[in-house]
Amino acid sequence: MGAGLRRRDFGKAAGLAGMGASGAVLLGGCSEESVQARSAAAAKTWKVTGQRGAGLGSFDSTMKSFMQARNISCGQLAVVRKGKLVLARGYTWTTSSTLKTQPTSLFRIASLSKPVTAAAILRLAQEGKLDLGARVTDLLALTPPSGQTLDPRLKNVTVWRLLQHLGGWDRDVSFDPMYRRDVAISSALGVPLPVSRANIMKYMNGRRLDHDPGTKYAYSNYGYLLLGRIIEKVGGTGYQTYVQNKILGPRGIKRMKLGRSLKANAAAGEVPYYSQYNVSTVMNATGATVPAPYGGFNLENMDAHGGWLSTAVDMVRFAGLFDAANSVLNSTSIGRAFAKPSIGVQPDGWWYGCGWSVRNVTGGRNTWHTGSLPGTHTILVRRYDGLTWAALFNQRDDASGKSYGDIDLALHKAANAVTTWPSTNLYGNYF
Numbered sequence: 001m002g003a004g005l006r007r008r009d010f011g012k013a014a015g016l017a018g019m020g021a022s023g024a025v026l027l028g029g030c031s032e033e034s035v036q037a038r039s040a041a042a043a044k045t046w047k048v049t050g051q052r053g054a055g056l057g058s059f060d061s062t063m064k065s066f067m068q069a070r071n072i073s074c075g076q077l078a079v080v081r082k083g084k085l086v087l088a089r090g091y092t093w094t095t096s097s098t099l100k101t102q103p104t105s106l107f108r109i110a111s112l113s114k115p116v117t118a119a120a121i122l123r124l125a126q127e128g129k130l131d132l133g134a135r136v137t138d139l140l141a142l143t144p145p146s147g148q149t150l151d152p153r154l155k156n157v158t159v160w161r162l163l164q165h166l167g168g169w170d171r172d173v174s175f176d177p178m179y180r181r182d183v184a185i186s187s188a189l190g191v192p193l194p195v196s197r198a199n200i201m202k203y204m205n206g207r208r209l210d211h212d213p214g215t216k217y218a219y220s221n222y223g224y225l226l227l228g229r230i231i232e233k234v235g236g237t238g239y240q241t242y243v244q245n246k247i248l249g250p251r252g253i254k255r256m257k258l259g260r261s262l263k264a265n266a267a268a269g270e271v272p273y274y275s276q277y278n279v280s281t282v283m284n285a286t287g288a289t290v291p292a293p294y295g296g297f298n299l300e301n302m303d304a305h306g307g308w309l310s311t312a313v314d315m316v317r318f319a320g321l322f323d324a325a326n327s328v329l330n331s332t333s334i335g336r337a338f339a340k341p342s343i344g345v346q347p348d349g350w351w352y353g354c355g356w357s358v359r360n361v362t363g364g365r366n367t368w369h370t371g372s373l374p375g376t377h378t379i380l381v382r383r384y385d386g387l388t389w390a391a392l393f394n395q396r397d398d399a400s401g402k403s404y405g406d407i408d409l410a411l412h413k414a415a416n417a418v419t420t421w422p423s424t425n426l427y428g429n430y431f
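All the letters of the sequence shown, read from the start, carry residue numbers 1 to 431 under full-length UniProt numbering.
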């Protein structure tokens with residue numbers, strides 16, 4: 001990725017997510033705007049759909065100020081308190097008379113896909129079908145390109161280590177094979193674009209790990225691609241099918257599905273995505289320049305680490321799996337999701353468990369995940385006091401240069417501003 005595009009769905013800044021005040025910076029200044037940009041902004045209208053309980057206006061005003069400051073056209077927010085859905089909103093800031101975000105509109109959720117994949121792995125372990133200490137080399141056929149050999153350290157990569165980003169791949173040392181490495185993989189293997197997940201795995205099987213497994217925390221999209229393949233192998237069915245049947249379906253989640261790269265293949269009800277950047281497509285060999293969200297990366301290959309489409313309502317409904325033992329995940333599985341790894345606790349106290357970032361705070365524990373792709377910024381937070389929220393946006397960059405991570409602290413402040421929480425439960429309206 002070029003420097004202008006180098007925004008990651010999770011990384012060193014992950015310690016700020018879910019806590020807000022632990023280092024987030026509020027940007028009070030505004031970048032210069034042209035007369036034309038100001039005129040365009042003035043012509044836009046603000047639309048709100050969905051429902052919320054009484055006394056929750058701070059959430060609406062937070063989303064409005066955040067989106068308008070960055071010219072984000074589509075946003076979504078869902079808030080749960082102690083198991084009850086108290087807010088389900090769609091927000092639109094646009095000149096279009098037809099674009100209108102609903103609480104049921106689908107968004108790419110990027111790395112919020114990782115908790116979903118982790119839940120499926122935990123479920124397989126709970127069913128007795130998978131040992132979390134099993135070696136990846138014993139579960140998957142890892143074949144390197146002709147004339148190359150596997151790094152012998154791969155035998156020390158376990159399912160646990162994949163879940164906790166301790167597998168040994170480090171994009172800060174080498175690269176992320178899941179993003180804009182497609183042309184290099186195609187050339188190295190002599191295969192056409194678009195490359196497949198199997199192509200990516202074969203290419204990576206011919207490379208050395210960046211670290212000895214289990215010795216360094218390094219966020220790895222590729223590690224979660226492998227987890228998706230393990231789910232297919234052990235679960236005996238496709239990745240999407242297993243997740244929908246064993247994780248989402250029992251929660252009454254019917255809308256979630258895997259997304260597609262190209263705009264022509266968008267799902268019914270899916271929002272459009274925007275970026276200020278145009279890049280060369282990785283979906284074919286034409287070298288054509290395309291909007292970054294539509295062909296600048298291969299979303300189909302990202303299934304297990306960043307490929308899901310969802311609504312904010314369905315993300316908070318999914319997050320409820322981790323509140324207490326249930327028919328999908330028992331107490332042992334939930335404990336494993338938040339377990340402290342053998343290595344990788346960060347200097348300010350957070351760690352990556354199994355698909356969740358975790359921090360102990362006064363009064364309990366905060367868990368969260370963020371997501372980011374060109375055209376997508378997302379966050380899912382489970383707070384120590386029984387609050388859960390998910391915010392989804394159809395953009396992650398704009399000419400203002402403002403941080404999109406600021407939504408984290410802003411939503412904590414919105415929650416803290418509520419003096420009396422409603423007792424309403426809106427879940428029945430959004431199945």
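Glycine is no exception: its CB is placed at the ideal position from the N, C-alpha and C atoms. The model shown is predicted, which means the values in this text are computed figures rather than measured ones.
Outcome for residue i when other beta-carbon atoms lying within 10 angstroms are tallied against a minimum of 16
i: Asn-366; result: buried
i: Thr-420; result: exposed
i: Trp-46; result: exposed
i: Lys-233; result: exposed
i: Gly-57; result: exposed
i: Asn-265; result: exposed
i: Gly-363; result: exposed
i: Pro-103; result: buried
i: residue 434; result: One cannot answer for residue 434 here, as it falls past the ends of the chain, which runs 1 to 431.
i: Val-173; result: exposed
Same chain only: Cβ atoms within 6 Å of residue i, ignoring 5 sequence neighbours per side
i: Arg-382; result: Ala-319, Thr-367 and Thr-388
i: Gln-68; result: Trp-93
i: Gly-428; result: none
i: Ala-78; result: Ala-88, Ala-312, Val-313, Val-316 and Ala-390
i: Gly-296; result: Val-279 and Pro-374
i: Arg-52; result: Leu-87
i: Thr-378; result: Ile-109, Ala-110, Leu-112, Gly-371 and Leu-392
i: Tyr-224; result: Lys-114, Thr-117, Ala-304 and His-305
i: Val-157; result: Val-136, Gly-167 and Pro-213
i: Tyr-273; result: Pro-293, Gly-375 and Asn-394
Contact check, residue i vs residue j, beta carbons under 8 Å
i: Val-328; j: Arg-251; result: yes
i: Met-256; j: Leu-193; result: no
i: Asn-394; j: Ile-185; result: no
i: Ile-231; j: Ala-119; result: no
i: residue 435; j: Ala-267; result: With the chain running from 1 to 431 in the structure shown, residue 435 is simply not present.
i: Ala-304; j: Thr-62; result: no
i: Ser-111; j: Gly-306; result: yes
i: Met-178; j: Tyr-239; result: no
i: Thr-101; j: Gly-75; result: yes
i: Gly-206; j: Pro-145; result: yes
i: Arg-70; j: Ser-400; result: yes
i: Leu-140; j: Leu-226; result: yes
i: Thr-137; j: Lys-155; result: yes
i: Ser-331; j: Asn-298; result: no
i: Ser-310; j: Arg-123; result: no
i: Asp-210; j: Trp-160; result: no
Sheet register partners of residue i (DSSP bridge)
i: Gly-50; result: Arg-89
i: Thr-101; result: Thr-101 pairs with nothing; no bridge assigned.
i: Leu-392; result: Gln-76 and Thr-378
i: Arg-81; result: Lys-84 and Leu-387
i: Phe-59; result: Looking at the DSSP assignment, Phe-59 forms no beta bridge with any residue, so it has no partner.
i: Thr-45; result: Thr-94
Sequence-distant residues of the same chain with beta carbon closer than 8 Å to residue i, five excluded per side
i: Gly-352; result: Sequence inspection shows Tyr at residue 352; the Gly mentioned does not correspond to that position. Cβ within range, chain order: Ala-14, Gln-164, His-165, Tyr-217, Tyr-219, Pro-341, Gly-344 and Val-358.
i: Ala-292; result: Leu-5, Ser-275, Tyr-277, Asn-278, Val-279, Pro-374 and Gly-375
i: Asn-416; result: none
Sequence-distant residues of its chain with Cβ nearer than 7 Å to residue i (five each side left out)
i: Ile-407; result: Phe-66, Ile-379 and Ala-391
i: Leu-321; result: Ala-119, Arg-251, Val-328 and Leu-329
i: Lys-129; result: Val-234
i: Ala-337; result: Ala-118, Leu-122, Phe-322, Gly-353, Cys-354, Gly-355 and Trp-356
i: Gly-269; result: Thr-104, Ser-105 and Leu-106
Below-8 Å beta-carbon distance, residue i vs any chain B residue
i: Phe-431; result: No chain B appears in the structure shown, which is made up of a single protein chain.
Ordered list of beta strand (DSSP E) runs contained in the segment 220 to 305, each at least 3 residues: Runs of the beta strand (DSSP E) inside the segment 220 to 305: 278 to 280 and 289 to 291.
Every unbroken alpha helix (DSSP H) inside the segment 303 to 390 [4 residues or more]: Within the segment 303 to 390, the complete alpha helix (DSSP H) runs of at least 4 residues are 303 to 306, 312 to 319 and 331 to 337.
Alpha helix (DSSP H) runs wholly inside the segment 176 to 227, at least 4 long, in chain order: Listed in chain order, they are 182 to 189 and 197 to 205.
Length-filtered (3 minimum) beta strand (DSSP E) runs lying within the segment 98 to 168: With a minimum length of 3 residues, there is no unbroken run of beta strand (DSSP E) contained wholly in the segment 98 to 168.
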